[in-house]
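Numbering of the sequence shown is given in this note's numbering, commencing with residue 2 and proceeding in unit increments.
Quick notes on the structure that follows.
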Amino acid sequence: MRIARLAGRSVLLTDEGAVDLPAPPADDVFAHWDDLLAWSATATGARPYAEADLETPVPAPRQIFAVALNYRPHAAEAGYEEPAAPLVFTKFPTCLTGPYTTVDLPAGHVDWELELVAVIGREARRVPVEKGWDPVVALTVGQDLSERISQLAGRPAQFSLGKSYPGFGPVGPALVGLDEFPDRDDLELTCVLNGETVQHDRTANMIFPIPRLVSYLSEFCTLLPGDLIFTGTPAGVGNRRVPQRFLTPGDELVSRIEGVGEMRHRFRRNTP
Ligand code: ZN
């Protein structure tokens with residue numbers, strides 16, 4: 002099941018187009034997820050839609066968790082030891098944007114970070130690792146866009162603000178239910194900048210896989226339906242390249258995850 006958002010409403014995406022959800026689930030897709038799953042198998046009435054009209058599939062999550070240094074080659078390129086526990090920060094929810102938008106570049110060095118995003122569907126607290134998938138109902142694609150100068154300026158650094166400019170949280174194109182994945186633990190990630198592959202890895206290579214992240218986060222916080230977990234980026238970000246490379250006006254960034262989908266973003270200079 003693929004649930005997306007068009008014109009401020011959640012819809013089912015099928016091969017034929019977009020289908021309005023039945024009346025009772027309305028927009029609270031997480032409260033009715035299992036009912037929607039049953040309904041989606043025979044849903045009819047698809048209408049065509051323009052891909053560019055898709056909005057971010059969870060417009061106002063109460064919490065966005067993000068994880069730093071969750072792939073060994075990325076930890077190494079960033080010059081850090083492999084972490085002993087997940088390193089967590091937040092992207093403030095006003096940074097979210099849809100899967101096919103143009104993002105304003107603030108002053109500084111804006112970098113890409115393709116990430117698998119786990120979508121919480123059920124409230125959860127103190128989840129054991131072996132049940133770590135239980136609160137997760139869907140996966141989607143995310144970009145943890147990051148302005149590196151502000152992110153890394155402090156001693157110690159504070160990550161959250163430099164990763165929360167408007168448009169710095171592209172998420173989409175849809176919530177893809179776990180029913181769609183033959184192997185939810187091993188998906189290919191590919192990030193392409195202006196036709197050149199800049200990141201390529203598999204989610205099986207995460208240091209802390211999704212069940213570990215869910216378990217760890219839920220030791221501290223109550224996880225809530227609609228919460229997003231950015232699970233970390235593989236190697237290949239721009240600020241660790243020689244020479245360094247950052248996003249510039251006109252660039253096209255393609256973010257693709259096997260079985261989940263693809264987002265495409267353009268960039269322009271933010272002139273006040
Ligand atoms: Zn990240």
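Positions of the beta carbon are idealized from the N, C-alpha and C atoms, including for glycine.
Classified as exposed, Val243 has fewer than 16 neighbouring CB atoms from the shown chains inside 10 Å of its CB. At a Cβ-Cβ threshold of 7 Å, Leu229 and Val104 do not count as neighbours.
Assignment of Phe221 by DSSP, reduced to helix, strand and coil, places it in the helix class. Applying a distance threshold of 5 Å between residue Cβ atoms and the heavy atoms of the ligand ZN selects Glu114, Asp145 and Thr234, given in chain order. Annotation for Pro174: the continuous beta strand (DSSP E) segment containing it runs Gly170 to Gly178. For Phe90, the CB contacts under 6 Å within the same chain, skipping 5 residues up- and downstream, are Ala67, Phe160 and Ser161 in chain order. Separation of the CB atoms of Val137 and Val261 is rounded to 13 Å, and the pair is thereby denied contact status at 8 Å. In the assembly as shown, Lys92 is a buried residue. Its beta-carbon has 16 or more other beta-carbons within 10 Å. Of the residues Leu194, His75 and Ala8, the one whose Cα lies closest to the Cα of Pro60 is Ala8. Annotation: Ile150 is outside any beta strand (DSSP E); the continuous alpha helix (DSSP H) that includes it extends over Arg149 to Leu153. Put simply, the backbone Cα of Arg185 is about 7 Å away from that of Leu179. One Cα belongs to Pro84, the other to Leu70, and the distance between them is close to 7 Å. Annotated three-state conformation of Ser11 is strand, per DSSP. With fewer than 16 other Cβ atoms from the protein chains shown falling within 10 Å of its own Cβ, Ala86 counts as exposed. Per DSSP, the unbroken alpha helix (DSSP H) holding Ser41 starts and ends at Trp34 to Ser41.
By the neighbour-count definition (other C-beta atoms within 10 Å, threshold 16), Arg10 is an exposed residue. Runs of the alpha helix (DSSP H) spanning 4 or more residues and lying entirely within the region 56-139 occur at 73-78, in chain order. Distance from the Cα of Val111 is smallest, within the candidate group Phe169, Thr45 and Asp135, for Phe169.
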